[in-house]
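S.K.: According to full-length UniProt numbering, the stretch in the sequence shown is residues 1 to 460, in order. Glycine included, each C-beta is placed from N, C-alpha and C at the ideal position.
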Amino acid sequence: MVSRPPLRRSLLWWMLALTAVALAVAGTVSAVALRAYLVERTDDQLRVAGAFAVQRAPALLAGDERGGGLKAVLAPSDYVVEIRDADGTLTRLGGLAGLPAETLLDRWPTGAAGPVTTAGGAYRAVTVHSGDAVILVAFPLAPMRQTLTRLILVEVAAGLLVLVLQGLAGRMLLARGLRPLNRITTTAVAIAAGDPGAVLDRRVPVERAVDDRTEVGRLTLAVNGMLGRIETALAARARSEERLRRFIADASHELRTPLTTIRGYLQVLRQGMVTDADRPEVLRRADAEATRMAKIVEDLLYLARLDTEPALRHEPVDLVVVARDSLSDALAVQPGRPATLDAPRTCPVPGDPDALRQVFANLLANVRMHTPPQTPVRVTVECAAGTARVTVADDGPGVPAALAGQLFDRFSRGDRRGPGSGLGLAIVAEIVAAHEGTVTVDSPPGGGTAVRLTVPAPNS
Numbered sequence: 001m002v003s004r005p006p007l008r009r010s011l012l013w014w015m016l017a018l019t020a021v022a023l024a025v026a027g028t029v030s031a032v033a034l035r036a037y038l039v040e041r042t043d044d045q046l047r048v049a050g051a052f053a054v055q056r057a058p059a060l061l062a063g064d065e066r067g068g069g070l071k072a073v074l075a076p077s078d079y080v081v082e083i084r085d086a087d088g089t090l091t092r093l094g095g096l097a098g099l100p101a102e103t104l105l106d107r108w109p110t111g112a113a114g115p116v117t118t119a120g121g122a123y124r125a126v127t128v129h130s131g132d133a134v135i136l137v138a139f140p141l142a143p144m145r146q147t148l149t150r151l152i153l154v155e156v157a158a159g160l161l162v163l164v165l166q167g168l169a170g171r172m173l174l175a176r177g178l179r180p181l182n183r184i185t186t187t188a189v190a191i192a193a194g195d196p197g198a199v200l201d202r203r204v205p206v207e208r209a210v211d212d213r214t215e216v217g218r219l220t221l222a223v224n225g226m227l228g229r230i231e232t233a234l235a236a237r238a239r240s241e242e243r244l245r246r247f248i249a250d251a252s253h254e255l256r257t258p259l260t261t262i263r264g265y266l267q268v269l270r271q272g273m274v275t276d277a278d279r280p281e282v283l284r285r286a287d288a289e290a291t292r293m294a295k296i297v298e299d300l301l302y303l304a305r306l307d308t309e310p311a312l313r314h315e316p317v318d319l320v321v322v323a324r325d326s327l328s329d330a331l332a333v334q335p336g337r338p339a340t341l342d343a344p345r346t347c348p349v350p351g352d353p354d355a356l357r358q359v360f361a362n363l364l365a366n367v368r369m370h371t372p373p374q375t376p377v378r379v380t381v382e383c384a385a386g387t388a389r390v391t392v393a394d395d396g397p398g399v400p401a402a403l404a405g406q407l408f409d410r411f412s413r414g415d416r417r418g419p420g421s422g423l424g425l426a427i428v429a430e431i432v433a434a435h436e437g438t439v440t441v442d443s444p445p446g447g448g449t450a451v452r453l454t455v456p457a458p459n460s
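(1) Does the beta-carbon of Asp64 have 16 or more other beta-carbons within 10 angstroms, so that it is buried, or is it exposed?
(2) Within its chain, find whatever has a CB closer than 7 Å to the CB of Gly424; leave out the 5 residues flanking it on each side and keep chain order.
(3) If you drop the 5 nearest sequence neighbours on each side, which residues of the same chain put their C-beta closer than 6 Å to that of Ala142?
(4) Assuming residue 517 and Ala22 form a contact by the criterion Cβ under 8 Å, report the distance between their Cβ atoms to the nearest whole angstrom.
(5) Can you give me the Cβ contacts of Gly418 inside the same chain, cut-off strictly under 6 Å, excluding the 5 residues immediately before and after it?
(6) For Cys347 and Leu301, what's the separation of their Cα atoms in angstroms?
(7) In chain order, what residues of the same chain have a beta carbon less than 8 Å from the beta carbon of Leu104, not counting five sequence neighbours either side?
(8) If you draw a straight line from the C-alpha of Val317 to the C-alpha of Cys383, how long is it?
(9) Would you say Pro293 and Leu255 are within 8 Å of each other, going by their C-beta atoms?
(10) Alpha carbon to alpha carbon, what distance is there between Thr220 and Ile184?
(11) In the DSSP assignment, the beta strand (DSSP E) including Asp318 goes from what residue to what residue?
(12) Using the Cα positions of Pro373 and Ala339, report the straight-line distance between them to the nearest angstrom.
(13) When you compare the CB positions of Leu174 and Ala20, do they come within less than 8 Å of one another, or not?
(14) Could you give the DSSP three-state label for Tyr79: helix, strand or coil?
(15) DSSP three-state call for Asp287: helix, strand or coil?
(16) By how many angstroms is the C-alpha of Leu319 removed from the C-alpha of Asp415?
(17) Classify His129 as helix, strand or coil using the three-state DSSP reduction.
(18) Find the nearest neighbour of Val156 within the set Val441, Ala24, Val439, judged by alpha-carbon distance.
(19) From the DSSP output, in three-state form, read off Asp442 for me.
(20) Exposed or buried, what is Gly225 when buried is set at 16 or more other beta-carbons lying within 10 Å of its beta-carbon?
Have a look at this one:
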């Protein structure tokens, strides 16, 4: 497996490489442009010098000192002048750089009209005609090449200095810019190395307000948000596991009691310790405990279905009809209890009719089991502003303050030895939650209990 360099080093090297390429391109372009400019300027000077030579040639070529006048005009300079008469006489005049070793006219390309670089590349020259004479004016290219060489050396030195300074500055800027990534890495490594449940409260530290417009800022916010959600999810899972352990323990206890009772009755029957007169009562007690155990199992199965398949039916249901039927069923079980229903003519809500009947049945059964038979019960249904409110209230002894916050927990009962399984209100809470509603209980110190639930009623 090929090892990759760290991100900081890769970014730094790529930045320096791109800068070096940019400097090389800029230097090459500037050198080429300068050379073209110098050649063009030299050609202009050569054309001017050639025109001057043509203009002065008759006077300068006459006399005893052949070419002396032209030499006086051109010198001191770097120009080289060669004059060839019609009879082949050659006159050569050199400036400060002296004369080249070979005659430039002898190597002049045939048909050349403008300034050209002579063979060997040492001179730039132009030829003109004055009568039958050919005049060549040349200028050495060494000064131009020296200028270009000096420029290239300066550019190389400046480029190296720029790369060194950029490397130092880039290293500091990358270290500063990637510091949040190092903190993210440190936090992730710490979480991975330890117990997630113990260290997930850690967050990526920030030195100042995080700028969510930058990539690192958004990454920091995303990582901290992710850690927060993971911590919340793990805490919820821990609470769920704790509730599950308590639920299993409570369920085991609740089922153990009727099972133990049934086994005890069966043993006394098997051993013949019950008289014929007491046998019906023993059988009735065993059947009652079996019925109680069956009710607990049914409630547990119902809660399990709500946990695994919380989505209930959502069809039009009239809460007033459900409340009236449920109150009639409760009075059929306990005819002597005073009961009132305060409700409008209709209150349609989307929901599961069987589940909502279960809610009313559990609330009224809770009243029946925990209040005296003569205690009045009041059922109120209100339907307004897109919400249906149901209140089931009684004037009984109320709920102990220590139990008020646990009424909707599973197997929660004020008296562990009393009637019921402690699952009724838990089922109510689960059904109301599945209908996107809420349920609360109000039990003032003076007595009385009111269970209030609300569910959405968009058609109200």
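M.R.: According to the structure data:
(1) In the sequence shown, residue 64 corresponds to position 64, counting from 1. Reliability fails at Asp64, whose pLDDT of 45 lies under 50, so the model's placement of it is uncertain and the value that follows must be treated cautiously. Exposed, because fewer than 16 other Cβ atoms sit within 10 Å of the Cβ of Asp64.
(2) Against the sequence shown, residue 424 aligns to sequence position 424. For Gly424, where only same-chain residues beyond five positions count, the Cβ hits under 7 Å are Asn362, Ala365, Asn366.
(3) Here residue 142 refers to the residue found at position 142 of the sequence shown. Cβ neighbours of Ala142 beyond the five flanking positions: none.
(4) Within the shown structure, residues of the chain are numbered from 1 to 460, placing residue 517 beyond reach of any answer.
(5) Translated into positions along the sequence shown, residue 418 becomes position 418. Bear in mind that the predicted position of Gly418 carries a pLDDT of just 47, short of 50, making it unreliable; the figure below should be weighed with that in mind. So the list is empty, once near-sequence residues are dropped.
(6) Here residue 347 is taken as the residue at index 347 of the sequence shown, counted from 1. Here residue 301 is taken as the residue at index 301 of the sequence shown, counted from 1. Approximately 30 Å, taken between the alpha carbons.
(7) Against the sequence shown, residue 104 aligns to sequence position 104. Hits under 8 Å: Val80, Glu82, Thr118, Tyr123, Ala125, Leu136, Ala138.
(8) Residue mapping note: residue 317 aligns to position 317 of the sequence shown, counting from 1. Residue mapping note: residue 383 aligns to position 383 of the sequence shown, counting from 1. Cα to Cα, the separation comes out at about 13 Å.
(9) For the purposes of this step, residue 293 is taken as the residue at position 293 of the sequence shown. For the purposes of this step, residue 255 is taken as the residue at position 255 of the sequence shown. Note that residue 293 corresponds to Met in the displayed sequence, not to Pro. Contact flag set, yes.
(10) As a working note, residue 184 is residue 184 in the sequence shown. As a working note, residue 220 is residue 220 in the sequence shown. Taking the straight line from one Cα to the other gives about 7 Å.
(11) Residue mapping note: residue 318 aligns to position 318 of the sequence shown, counting from 1. From DSSP, the beta strand (DSSP E) with Asp318 extends over 315-318.
(12) Here the question's residue 373 lines up with position 373 in the sequence shown. Here the question's residue 339 lines up with position 339 in the sequence shown. Each residue's alpha carbon lies about 11 Å from the other.
(13) On the sequence shown, residue 174 is found 174 positions in, with the first residue counted as 1. On the sequence shown, residue 20 is found 20 positions in, with the first residue counted as 1. No; because the gap between Cβ atoms is not below 8 Å, this pair is not in contact.
(14) Residue mapping note: residue 79 aligns to position 79 of the sequence shown, counting from 1. Three-state DSSP puts Tyr79 in coil, outside helix and strand.
(15) Counting from one through the sequence shown, the residue named residue 287 turns up at place 287. In the structure shown, Asp287 sits in a helix (DSSP, three-state: H, G or I).
(16) Taking the sequence shown and counting its residues from 1, the one referred to as residue 415 is at position 415. Taking the sequence shown and counting its residues from 1, the one referred to as residue 319 is at position 319. Residue placement at Asp415 is poorly supported in this model, since its pLDDT is 49, which falls under 50; the coordinates still yield a value, given next. One C-alpha to the other measures close to 32 Å.
(17) Position 129 of the sequence shown, counted from the start, is the residue given in the question as residue 129. Looking at His129 - three-state DSSP - the assignment turns out to be strand.
(18) Taking the sequence shown and counting its residues from 1, one reaches residue 156 at position 156. Comparing Cα positions, the closest option is Ala24.
(19) On the sequence shown, position 442 is the one that residue 442 refers to. DSSP places Asp442 in strand when its eight states are reduced to three.
(20) Here the question's residue 225 lines up with position 225 in the sequence shown. The residue is exposed, with fewer than 16 neighbouring Cβ atoms inside 10 Å.
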